[in-house]
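Counting from 1 along the sequence shown, just add 89 to a position and that's the residue number in this note's numbering. Quick reminder that beta carbons are idealized off the backbone N, C-alpha and C, glycines included.
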Amino acid sequence: MILRSIREIFKMIREDIQTALAKDPAARNPVEVFFCYPGVHAIWLHRIAHFLWTRKLYFPARLLSHINRFLTGVEIHPGAKIGRRVFIDHGAGVVIGETAEIGDDVTIYQGVVLGGVSREKKKRHPTIGNNVVIGAAAVLLGPITVGDGARIGANSVVVRSVPPGTTVVGVPGRAVTDRVKPLDELDHSALPDPVKEALEILLRRQSELEERIRKLEEKLSSPSEAER
């Protein structure tokens, strides 16, 4: 049993290192990832803390998660459930609450918050599906569900569940498009900007109204046939 657990731990460590190499073009080799990636370290320390938490060793689990935060800048409650090959890129400022659940192959960028909106001791944090990408500084609040393959744009605030394969941007977050290709990375520059789109519509409408007013003024200022 112990030998099997040790093998499983080493397998997961290898998976995490390979995930970082695959998702971060700045990663040069496994040694660099092993020693220099705080997001990877945060996941490893959390797995130990979660192991203690599930065995009701609450204080050691919380203490280890506190040390994890001090060392990596990532705050993960030991009660949170995190799947395989989850990659936290950069990591600074990431906060993951107690009842949060994260699936496999998820990418999380810096400043992401998976927070709660209730003080009741129940499910109060988001559930994230598989192959989800969450952009920098995105905030997801409450017991919502983010479906498999969804994308959450940078700085978005999401308070409602997101269907699978959907891209969400804005404050509050809203769906802007469905996924059309597999997600290997989140290209923030390619995401639609609903605020920009709304402003462009208003500006076009303003130009149309100004043109109509100009034509009316010209018509009113020109002498009529009767006056001639």
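Residue 236: not part of any beta strand (DSSP E); DSSP gives it neither H nor E. With respect to residue 175, residue 195 sits close: the two C-beta atoms are nearer than 8 angstroms. Fewer than three Cβ pairs drawn from the region 143–156 and the region 188–204 lie within less than 8 angstroms of each other, which leaves the two stretches out of contact.
Taken in chain order, the region 129–184 contains no complete beta strand (DSSP E) segment of 3 residues or longer. A contact is defined here as three or more CB-CB pairs under 8 angstroms, and the region 230–241 meets this definition with respect to the region 202–211.
Taking 8 angstroms as the cut-off, the Cβ atoms of residue 245 and residue 265 do not count as close. DSSP places residue 255 within a strand segment (E or B) once states are collapsed to three.
For residue 196, the beta-bridge partners assigned by DSSP are 176, 222.
Here residue 108 carries a helix assignment [DSSP, helix/strand/coil]. Assignment of residue 120 by DSSP, reduced to helix, strand and coil, places it in the helix class. The beta carbon of residue 108 sits closer than 7 angstroms to the beta carbons of 174, 176 from its chain, once the five residues preceding and following it are set aside; these are given in chain order.
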